[in-house]
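Chemist: The sequence shown runs 19 to 932 under our numbering.
For each residue, glycine too, the CB sits at the ideal point set by N, CA and C.
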Amino acid sequence: MEIDIPKVYEPQKVEDKWYDYWLKHNLFSSTPRRSRQPFSIVIPPPNVTGILHMGHALNNTLQDVIIRFRGMQNYNTLWVPGTDHGGIATQNVVEKLLLAEGKTRHDLGREKFLERMWKWRKESGDIILSQLKRLGCSLDWSRTRFTMDDVCSRAVRHAFVELYNRGLIYRGKRLVNWCPRCQTALSDIEVEHEEEEGKLWHIKYPLKKPKKGGVSFIVVATTRPETMLGDVAVAVSPGDKRYENIVGEVIVLPIVNREIPVIEDEAVDPAFGTGAVKVTPAHDPTDFDIGARHKLESIVVIDTQGKMTKDAGSYAGIDRYAARKAVLGDLALHGLLLETTDHRHAVGRCYRCNTVIEPLISEQWFLKVEDMSRRAMEVVEQGKIKFYPDSWKGPYLSWLEKLKDWCISRQIWWGHRIPVYYCGGKGAPKKAKDKRDSSCPPIAAVDRPTSCPECGGTVIEQDTDVLDTWFSSALWPFSVFGWPVDKTGANQAAAGAADSDYYYPTAVLVTGHEILYLWVARMVQMGLQLRGDVPFREVFIHGIVRDKNGKKMSKSLGNIIDPLEIMNKYGTDALRFSLAQSAAPGRDMQLSDDSFISARNFANKIWNASRFVMMNIKNSDWQPGFLAVWPLELADVWILSQYRLLVKDVTDALAGYNIDTAARLLYEFFWSKYCDWYIEIAKIRLNGQDPETRRAALSVLLEVLAGTLRLLHPIMPFITEEIWDSLVKFKESSEDRPVSIMKYPWPEADQSKVDTVAISKMELLQEIVTAVRTIRSEMNVPPGKSVSIHLNVNPLEQQVFSGEGAGYLKQLAKAQEILVGESLPRPAQSAMAVVSNVQLFVPLAGLIDLEKEKQRLLKEHKNAGMELERCKKNMENADFMKRAPQAEVDKMRQRMADAQLKIERIGENIKFLE
Numbered sequence: 019m020e021i022d023i024p025k026v027y028e029p030q031k032v033e034d035k036w037y038d039y040w041l042k043h044n045l046f047s048s049t050p051r052r053s054r055q056p057f058s059i060v061i062p063p064p065n066v067t068g069i070l071h072m073g074h075a076l077n078n079t080l081q082d083v084i085i086r087f088r089g090m091q092n093y094n095t096l097w098v099p100g101t102d103h104g105g106i107a108t109q110n111v112v113e114k115l116l117l118a119e120g121k122t123r124h125d126l127g128r129e130k131f132l133e134r135m136w137k138w139r140k141e142s143g144d145i146i147l148s149q150l151k152r153l154g155c156s157l158d159w160s161r162t163r164f165t166m167d168d169v170c171s172r173a174v175r176h177a178f179v180e181l182y183n184r185g186l187i188y189r190g191k192r193l194v195n196w197c198p199r200c201q202t203a204l205s206d207i208e209v210e211h212e213e214e215e216g217k218l219w220h221i222k223y224p225l226k227k228p229k230k231g232g233v234s235f236i237v238v239a240t241t242r243p244e245t246m247l248g249d250v251a252v253a254v255s256p257g258d259k260r261y262e263n264i265v266g267e268v269i270v271l272p273i274v275n276r277e278i279p280v281i282e283d284e285a286v287d288p289a290f291g292t293g294a295v296k297v298t299p300a301h302d303p304t305d306f307d308i309g310a311r312h313k314l315e316s317i318v319v320i321d322t323q324g325k326m327t328k329d330a331g332s333y334a335g336i337d338r339y340a341a342r343k344a345v346l347g348d349l350a351l352h353g354l355l356l357e358t359t360d361h362r363h364a365v366g367r368c369y370r371c372n373t374v375i376e377p378l379i380s381e382q383w384f385l386k387v388e389d390m391s392r393r394a395m396e397v398v399e400q401g402k403i404k405f406y407p408d409s410w411k412g413p414y415l416s417w418l419e420k421l422k423d424w425c426i427s428r429q430i431w432w433g434h435r436i437p438v439y440y441c442g443g444k445g446a447p448k449k450a451k452d453k454r455d456s457s458c459p460p461i462a463a464v465d466r467p468t469s470c471p472e473c474g475g476t477v478i479e480q481d482t483d484v485l486d487t488w489f490s491s492a493l494w495p496f497s498v499f500g501w502p503v504d505k506t507g508a509n510q511a512a513a514g515a516a517d518s519d520y521y522y523p524t525a526v527l528v529t530g531h532e533i534l535y536l537w538v539a540r541m542v543q544m545g546l547q548l549r550g551d552v553p554f555r556e557v558f559i560h561g562i563v564r565d566k567n568g569k570k571m572s573k574s575l576g577n578i579i580d581p582l583e584i585m586n587k588y589g590t591d592a593l594r595f596s597l598a599q600s601a602a603p604g605r606d607m608q609l610s611d612d613s614f615i616s617a618r619n620f621a622n623k624i625w626n627a628s629r630f631v632m633m634n635i636k637n638s639d640w641q642p643g644f645l646a647v648w649p650l651e652l653a654d655v656w657i658l659s660q661y662r663l664l665v666k667d668v669t670d671a672l673a674g675y676n677i678d679t680a681a682r683l684l685y686e687f688f689w690s691k692y693c694d695w696y697i698e699i700a701k702i703r704l705n706g707q708d709p710e711t712r713r714a715a716l717s718v719l720l721e722v723l724a725g726t727l728r729l730l731h732p733i734m735p736f737i738t739e740e741i742w743d744s745l746v747k748f749k750e751s752s753e754d755r756p757v758s759i760m761k762y763p764w765p766e767a768d769q770s771k772v773d774t775v776a777i778s779k780m781e782l783l784q785e786i787v788t789a790v791r792t793i794r795s796e797m798n799v800p801p802g803k804s805v806s807i808h809l810n811v812n813p814l815e816q817q818v819f820s821g822e823g824a825g826y827l828k829q830l831a832k833a834q835e836i837l838v839g840e841s842l843p844r845p846a847q848s849a850m851a852v853v854s855n856v857q858l859f860v861p862l863a864g865l866i867d868l869e870k871e872k873q874r875l876l877k878e879h880k881n882a883g884m885e886l887e888r889c890k891k892n893m894e895n896a897d898f899m900k901r902a903p904q905a906e907v908d909k910m911r912q913r914m915a916d917a918q919l920k921i922e923r924i925g926e927n928i929k930f931l932e
């Protein structure tokens, strides 16, 4: 059989070839088939903000592993690709590019700016999709969606109108999170709160009419003195005896000289500061609620630009932080600044640009979420959606329990325009002055109305705001399938009713924990509200990728690892395997070059072992089907049993989304059991003269290799496809075989055929070999010299070391003689080890220069002692323990333990020589 198998695996030469092959044969395509169970996944659409990072590589590797695994299990799999418009994030990227040209979006105007945005989206989106292909993702590219394409845009408009008509969407004036940089409102979960060092200023608030013998002022503590210009009250906790005599009194607000009341409210924490707080409803969420309860006015003193308004008096027009400095200066000048203390507190920042958020009263669109949240909680509590790991169920429920109405409008240009239209009035001029002042009610419509249904007017203009990007993302699990599909088939351009009913709900969502609230919970809410069912049955939460020191990757830290560079350097399969074996569910992972090198070495091991097997088969009289013919020996039964266990364990691990466990099991089995042990044992027969035993060894080698390659395929698709293309020709003579390894069935293994006795015997032999190898290494026995092994063994187990077992020991431990007994005496000057219930001796006389070896060991013993002392000094050094990073401390502790162990082992070896 003519098969050319290169000596070295070169991933760059095979990856593009096989991906093009898969595409050519439509191996990623899926259509509804009622005879097969569907298994669908929708990709978490990456924002079109640039190129993919390592987090994307992780997320999509895990999805591809799952979809390939389920496809080989004969599910009708579908993985839908697509990208997200990214709202604020993408607009910020393009605005920065404009800034480099000395322009702003306002210089271009909305229409021209959106042209630039679409151009960017095309360029960035194409790059992202090409990178997903490079990663080997088995996505059905014929179904590629974009959150602002025609199909998804119609779904967004339909969803908005449907929710509006159900009374769930409303417009109102409320306190919102405002980003002065992005110039838009943000929802609560788009604000990142982090503890920061700040100041707490204690300010005197004078009473208008102090009581005789009483206090003349109240001390109020605040972290934001600039907002005091908008104070409308001072509040204290009910029953706070410190202030019981001044509740109801009037205070003259410093600097402004406005009269404000002293009130009581349950929201006040008597332990914070002085127990008296300023109330500024226009600039603080808690104060807004207090103001509503007490019917207080709201005075806006900071505008959308982060500058002071005219209501800030003499501070009008200056930046909020400049105003803070000025206000503090004036307070100090008038003797009203009593004290300044350090204070650590949570500061809210925009999740996209990191600007400090300004709470502002603004008219926005909101989505009522109370009932939607309740339903989204119920489906998880009832087990209709399962989290992997289950520990994320609690945070999900906790967040939904306290969720407030969702601010869904954004004051940016890139996104879905809110499908609400305003009438300028019948007979109004072409440009009505303010559509919202019209007496006609707003019109929520999927398509732009030509006239006002109320008055017939034709001057209709659309709301200028756009929807929060997460609104369209929340519809993703069903918008990609062409929802809504009506009886006329109005939206069947993408998929149609058959797809929507067949593939929805999807099987699993694979995502990082950082968007559990931003996206996962929103999809559940929308799926239940608009489709009447959950969007997915399972949620697999993975961690985020960190560097080798556990730090989050960022450009500012210079620790970014580019997945494209890793693929170019080590191969795509090495990247995928490294990510897979690190992906413990729900836990962050640490990556470094070491992990990629290890994965590349594993790929090379797979290649070399496969080549060894195929070259031996090629040069033999091999015929398919030998496994059922030839008798098997102990090592054959052992490796087949281990393989059967592997099939079950890997299948269970992948089904439970323990992909890291599956990768570890495959690595350990292939490298250690198959290569280090079985291949080495098989070489005895492959190099022997008996054709029958040679064929038996080849048949087992091939059978186990073929099965293991199929188990490896979901994680390492390229190398397994390349090897399979040659290997299958030895395995099957039929020309009707499937076109790809991914179209072969997932391995199954009869667990009743697992021979636990054979496993126990082989494990004992392996322990003996390992112990002898350790002695040879530690005692410096030359590799070319054979040793004698004396074994004291229980009579019931002595047969393990005869026949095949003796042959394995001689081959693997390089032993010329094996003596087995129950109470053999220890030879003089011999090394000893105890393995399980077996005592073994290796005579050293004649193998090494005993005196010279003793001197070498004494020197090593001394060096190890010095190393131990150095480590102890560091560990006992308080300054080192205080300043050194935890990783360095852990490393030092490990060095100390290693030195201690080395001292003990060398001491034992010195005794052997005496």
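1) Just confirm the distance between the C-beta atoms of P495 and Y522, as a whole number of angstroms; I'd bet it's less than 8 Å.
2) Around the Cβ of K25, are there at least 16 other Cβ atoms within 10 angstroms (buried) or fewer (exposed)?
3) What is the rounded straight-line gap between the Cα of N183 and the Cα of S490?
4) Taking 8 Å as the cut-off, does the region 334-346 touch the region 146-160 (at least 3 CB pairs, one atom from each stretch)?
5) Please work out which residues of its chain come closer than 7 Å, Cβ to Cβ, to N567, disregarding the five sequence neighbours upstream and downstream, and give them in chain order.
6) Give the DSSP-derived three-state secondary structure of G725 in the structure shown.
7) Using only the alpha-carbon positions, how far apart do E926 and E887 sit?
8) Contact check, F57 vs A525 under 8 Å by CB: the rounded distance?
9) Determine the burial state of N810: buried for a count of at least 16 other Cβ atoms within 10 Å of its Cβ, exposed for fewer.
10) Measure from the alpha carbon of A294 to the alpha carbon of each residue in D302, H301, A300 and D283, then state which is nearest.
11) Please tell me whether I308 and A239 are closer than 8 Å, where the distance is taken between their beta carbons.
12) What is the rounded straight-line gap between the Cα of K411 and the Cα of A394?
13) Please classify Q912: is it buried, with 16 or more other beta-carbons within 10 angstroms of its beta-carbon, or exposed?
14) Assuming the contact rule is C-beta atoms closer than 8 Å, C170 and R163 should be a hit. Round their C-beta distance to whole Å, please.
15) Report yes if the C-beta distance between V498 and V98 is below 8 Å; otherwise report no.
16) Going by DSSP in three states, A511 sits in which element: helix, strand or coil?
17) Would you kindly work out how many angstroms separate the C-alpha atoms of L204 and V668, rounded to a whole number?
18) Given K386, which residues of its chain have a CB within under 8 Å of its CB, disregarding the five upstream and five downstream residues?
19) Which partner residues does S616 have in the DSSP bridge list?
20) Indicate the three-state DSSP secondary structure (helix, strand or coil) for P813 in the structure shown.
21) Secondary structure at I584, three-state DSSP: helix, strand or coil?
22) Going by DSSP in three states, W138 sits in which element: helix, strand or coil?
23) Would you say the region 890-906 touches the region 852-871, given that touching needs at least three Cβ pairs under 8 Å?
24) Do you know how far the Cα of T202 is from the Cα of A462?
25) What residue does the alpha helix (DSSP H) around Y37 start on, and which one ends it?
26) Does the separation of the CB atoms of M585 and I578 fall below 8 Å?
27) For I221 versus P272, is the C-beta spacing smaller than 8 Å?
28) Just the Cα atoms here: how many angstroms apart are P447 and C441?
29) When burial is assigned at 16 or more other CB atoms within 10 Å of the CB, is A511 buried or exposed?
30) Considering just the uninterrupted stretch of the beta strand (DSSP E) at C368, what are its terminal residues?
31) Sort out for me which residues DSSP pairs D279 with in a bridge.
32) Give the DSSP-derived three-state secondary structure of K880 in the structure shown.
33) What does the Cβ neighbour count give for W138, buried or exposed, with the cut at 16 atoms within 10 Å?
34) Using the Cα positions of R901 and V318, report the straight-line distance between them to the nearest angstrom.
35) Given a cut-off of 8 Å, decide if S47 and S160 are closer than it, judged by their beta-carbon atoms.
36) Under 8 Å: do the region 794-809 and the region 767-777 share three or more Cβ pairs, one atom per stretch?
Modeler: On the basis of the supplied data:
1) As a working note, residue 495 is residue 477 in the sequence shown. As a working note, residue 522 is residue 504 in the sequence shown. Indeed they touch by this definition, with Cβ atoms about 7 Å apart.
2) Counting from 1 along the sequence shown, the entry for residue 25 is found at position 7. Answer is exposed; the Cβ neighbour count stays below 16.
3) Here the question's residue 183 lines up with position 165 in the sequence shown. Here the question's residue 490 lines up with position 472 in the sequence shown. The alpha-carbon atoms of N183 and S490 are separated by roughly 18 Å.
4) The answer is no - the region 334-346 does not touch the region 146-160, with fewer than three Cβ pairs under 8 Å.
5) On the sequence shown, residue 567 is found 549 positions in, with the first residue counted as 1. Correct list, in chain order: A905.
6) Working through the sequence shown from its first residue, we reach residue 725 at position 707. G725 sits in a helix when the DSSP states are folded into three classes.
7) Translated into the one-based positions of the sequence shown, residue 926 becomes position 908. Translated into the one-based positions of the sequence shown, residue 887 becomes position 869. Those two C-alpha atoms are separated by around 20 Å.
8) Here residue 57 is taken as the residue at index 39 of the sequence shown, counted from 1. Here residue 525 is taken as the residue at index 507 of the sequence shown, counted from 1. The Cβ separation is near 5 Å, so the contact holds.
9) For the purposes of this step, residue 810 is identified with residue 792 of the sequence shown, where counting begins at 1. The residue is buried, with at least 16 neighbouring Cβ atoms inside 10 Å.
10) In the sequence shown, the residue the question calls residue 294 occupies position 276. Ranking the options by Cα distance to A294, first place goes to D283.
11) Counted from its first residue, the sequence shown places residue 308 at position 290. Counted from its first residue, the sequence shown places residue 239 at position 221. Taking 8 Å as the cut-off, the beta carbon of I308 is found no closer than this to the beta carbon of A239.
12) Stepping through the sequence shown from its first residue, residue 411 is reached at position 393. Stepping through the sequence shown from its first residue, residue 394 is reached at position 376. Between K411 and A394, the C-alpha separation is close to 12 Å.
13) Along the sequence shown, one-based indexing puts residue 912 at 894. Classification of Q912: exposed, given that the 10 Å Cβ count is below 16.
14) Mapped onto the sequence shown, residue 170 falls at position 152. Mapped onto the sequence shown, residue 163 falls at position 145. Here C170 really is in contact with R163; their C-beta atoms are around 6 Å apart, less than 8 Å.
15) Stepping through the sequence shown from its first residue, residue 498 is reached at position 480. Stepping through the sequence shown from its first residue, residue 98 is reached at position 80. In this structure, V498 lies near V98, with their beta-carbon atoms less than 8 Å apart.
16) For the purposes of this step, residue 511 is taken as the residue at position 493 of the sequence shown. Interpretation of A511 is limited by its pLDDT of 46, a score under 50 that renders its predicted location unreliable; the figure taken from the coordinates is listed afterwards. Looking at A511 - three-state DSSP - the assignment turns out to be coil, as it is neither helix nor strand.
17) Here residue 204 is taken as the residue at index 186 of the sequence shown, counted from 1. Here residue 668 is taken as the residue at index 650 of the sequence shown, counted from 1. Whole-angstrom Cα-Cα distance: 44 Å.
18) Residue mapping note: residue 386 aligns to position 368 of the sequence shown, counting from 1. Cβ neighbours of K386 within its own chain (closer than 8 Å, five residues either side excluded): G185, L186, I187, Y188 and D423.
19) By one-based count along the sequence shown, residue 616 stands at place 598. Bridge partners of S616: none, in fact.
20) For the purposes of this step, residue 813 is identified with residue 795 of the sequence shown, where counting begins at 1. For P813, the secondary structure class from DSSP, reduced to helix, strand or coil, is helix.
21) The residue given as residue 584 occupies position 566 in the sequence shown. DSSP, read as helix, strand or coil, puts I584 in helix.
22) As a first step, residue 138 must be located in the sequence shown, where it is residue number 120. DSSP places W138 in helix when its eight states are reduced to three.
23) Segments in contact, no.
24) Within the sequence shown, residue 462 is the residue found at index 444, counting from 1. Within the sequence shown, residue 202 is the residue found at index 184, counting from 1. Answer to the nearest angstrom: the Cα atoms are 22 Å apart.
25) Taking the first residue of the sequence shown as position 1, residue 37 is located at position 19. Element bounds for Y37: P29 to K42.
26) Counting from 1 along the sequence shown, the entry for residue 585 is found at position 567. Counting from 1 along the sequence shown, the entry for residue 578 is found at position 560. In this structure, I578 does not lie closer than 8 Å to M585 by Cβ.
27) The count along the sequence shown starts at 1 and reaches residue 221 at position 203. The count along the sequence shown starts at 1 and reaches residue 272 at position 254. Between I221 and P272, the C-beta spacing is below 8 Å.
28) On the sequence shown, residue 447 is found 429 positions in, with the first residue counted as 1. On the sequence shown, residue 441 is found 423 positions in, with the first residue counted as 1. For P447, the pLDDT reaches just 45, beneath the cut-off of 50, and the residue's location in the model is therefore unreliable, although a value from the coordinates is still provided. Distance from the CA of P447 to the CA of C441, rounded to the nearest whole angstrom, comes to 11 Å.
29) Walking along the sequence shown from the start, residue 511 turns up at place 493. For A511, the predicted model reports a pLDDT of 46, less than 50, meaning its position is unreliable and no value from the coordinates is stated.
30) For the purposes of this step, residue 368 is taken as residue 350 along the sequence shown, with counting starting at 1. DSSP places C368 inside the beta strand (DSSP E), whose first and last residues are L355 to C368.
31) Looking up residue 279 in the sequence shown gives position 261. Looking at the sequence shown, residue 279 is not Asp but Pro. Per DSSP, V268.
32) In the sequence shown, counting from the first residue as 1, residue 880 sits at position 862. The DSSP-derived three-state label of K880 is helix.
33) As a working note, residue 138 is residue 120 in the sequence shown. W138 is classed as buried because its beta carbon has at least 16 other beta carbons within 10 Å across all chains shown.
34) Indexing the sequence shown from 1 puts residue 901 at position 883. Indexing the sequence shown from 1 puts residue 318 at position 300. Counting only the Cα atoms, V318 lies some 47 Å from R901.
35) Reading the sequence shown from its first residue, position 142 is the one you call residue 160. Reading the sequence shown from its first residue, position 29 is the one you call residue 47. Between S160 and S47, the C-beta spacing is below 8 Å.
36) No: the two stretches stay apart, fewer than three of their Cβ pairs being nearer than 8 Å.
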